[in-house]
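Read through the structure below, which is laid out as structure tokens, and then see the notes.
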Amino acid sequence: MKPLTSVAHDVDDLDAALELFHERGWTDGLPIVPPTEEKVARFLHAAGREPDEVLGRYATRKRTVTAEKVAINAVMAGCRAEHFPVVVAIVEGMCQERFGLHGANASTGGMAIGFVVNGPIRNALAMNYRGNVFGPGNRANASIGRAIRLVQQNVMGSVSGAGNSPKGGRDILDRSTMGQPGKYACYHLPENEEDFPTMTPLHVERGFRREENVVTVFPTAGHVQVSLHADGTAAAMVDTLVQYMTGAGRLGGRYALVVLPPECIEIFVRDGWTKADIRKAIFEKGARSVAWAKRNGWPATGGPIDRRGGAVLPGDEERIITFAPKPEDLYIAIAGGPAGAFAYLIMPYGGLPVSQRIRVTA
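Below is the structure:
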């Protein structure tokens, strides 16, 4: 392997290392694992990457994202070496044009990043796709997500805290007005592929083989949690989902991700529905005319800052909008604990989801 080129810093002990990173503004406000040369090299080896290998380019800020810099931040985040191939794949997906990288790094809208992990690697890394899937408690989920945020901050320049004085001499380029908790460790979502064999996993729906390891990375404004406890049929649950998705002002959006827990999926399976059926029903039942949206005080587009309502114009009755351009742009994922009919509606912001193979070495 080629030698590392990042600047080395000599410190007396762990406490001194932590204080150095806080003073320089290299952390997310939480303690980090000092990225020693040996640890960084081990991560690169685990992913089969050279230090100077380019994982992507951030054209707007004229930045090049190398494997070495990403590995440093993955160590800092608390990842294990075997987690690093997933981190690499997420970064590669983020750097694809359709993802909309600059919005994720600079928007005042507080945009966060999410990712769905599919394939055998979920279990190999002991990722959690059951209870509290989006919350704390699982090392792989949390540290992989945190690594992505640290890469945004330290490699892509998205230092947060707009309105404050620059910390450590670094410009504050993440302009989030409010931010959101999802910025700490992303919306980390391994999918439950095992419990419902009739429900095709997300990566297979997107053209990959079931045995492949794939991550689908997406930009998001956040989520709405919806209770489906009172809905005893597949059709009734779709009606409730559509009601809340419409109420969130997301007609005319570019995509949406619906995360359904086992308690809900059991009903869909009982009623003979597939993911394709769920998508089609949401797409069709969510369809409204632009005139309807304006009359009911909703934005007539999926733009997050567009004016709501407005005058009904000629042709607005015929122009139909729904939550995505086509049913295939409505993604369904399965995760969550065995009890509770709470669904998550992951709302779009900026770009589009990107699926990337995870390159795992022997």
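Going by my numbering, the first residue of the sequence shown is number 816, and it counts up by one from there. Glycine is no exception: its CB is placed at the ideal position from the N, C-alpha and C atoms.
Mind reading off the beta-carbon distance from ILE887 to VAL855? Whole number of angstroms is fine, and I expect it under 8 Å.
6 Å
Does the pairing of the region 1096-1114 with the region 1061-1070 give three or more beta-carbon distances under 8 Å?
yes
Taking 8 Å as the cut-off, does the region 1065-1085 touch the region 1003-1021 (at least 3 CB pairs, one atom from each stretch)?
yes
Residues near ILE1120 in its chain [Cβ-Cβ closer than 8 Å; skip 5 each side]:
GLY924
At 4 residues or longer, and completely inside the region 867-892: list those alpha helix (DSSP H) runs for me, N to C.
882-892
Looking only at C-alpha atoms, which of PRO1129, TYR1059, GLY1151 sits nearest to ILE1138?
Sequence inspection shows Phe at residue 1138; the Ile mentioned does not correspond to that position. Minimum Cα distance to PHE1138 is reached at TYR1059.
Bridge partners of TYR1159, per DSSP?
GLN1040, VAL1074
Between the Cα of ASN969 and the Cα atoms of LEU988, ILE959, PRO1114, GLY978, which residue gives the shortest distance?
LEU988
Span of the alpha helix (DSSP H) holding ARG1024?
Note, ARG1024: premise wrong, no alpha helix (DSSP H); not H, not E.
TYR1002 (DSSP reduced to helix, strand or coil):
strand
Contacting residues, own chain, Cβ-Cβ under 7 Å from LEU870 (five flanking each side not counted):
VAL880, THR881, ALA882, VAL885, VAL903, VAL906, GLU907, CYS910
Once you ignore the five residues that flank VAL948 on each side, which residues in its own chain have a CB closer than 7 Å to its CB?
LEU1004, ALA1150, GLY1151
Minimum C-alpha distance to MET1014 - residue among MET816, ARG864, ILE1147
ILE1147
Evaluate MET816 with the Cβ neighbour count: other Cβ atoms within 10 Å of its Cβ, from every protein chain shown; 16 or more gives buried, anything less gives exposed.
exposed
Leaving aside the five residues before and after PRO981 along the sequence, list all residues of the same chain whose C-beta is less than 7 Å from its C-beta, in chain order.
ILE987
Below 6 Å CB to CB, which residues in the same chain sit around ILE994 once its five sequence neighbours on both sides are set aside?
What sits at residue 994 in the sequence shown is Gly, not Ile. Answer for GLY994: GLY925, listed in chain order.
Taking the alpha-carbon positions, what's the ILE963 to ASP830 distance?
24 Å
What separation, rounded to the nearest whole angstrom, lies between the Cα atoms of MET1162 and VAL1057?
13 Å
I need the straight-line Cα distance from ALA874 to THR1061, nearest angstrom please.
35 Å
Would you call SER975 buried or exposed, if buried means 16 or more other Cβ atoms sit within 10 Å of its Cβ?
buried
Can you check whether the CB of SER958 is closer than 8 Å to the CB of ALA892?
yes
Let's test the definition: count the other Cβ atoms within 10 Å of the Cβ of ARG864 and tell me whether it reaches 16, buried, or not, exposed.
buried
In the structure shown, what three-state DSSP assignment does ALA1051 receive?
helix
Cβ-Cβ separation, ALA1096 to VAL1053 (assumed contact under 8 Å), whole Å:
4 Å
Between CYS1001 and ALA927, how many whole angstroms is the CB-CB distance? I'm expecting something under 8 Å.
6 Å
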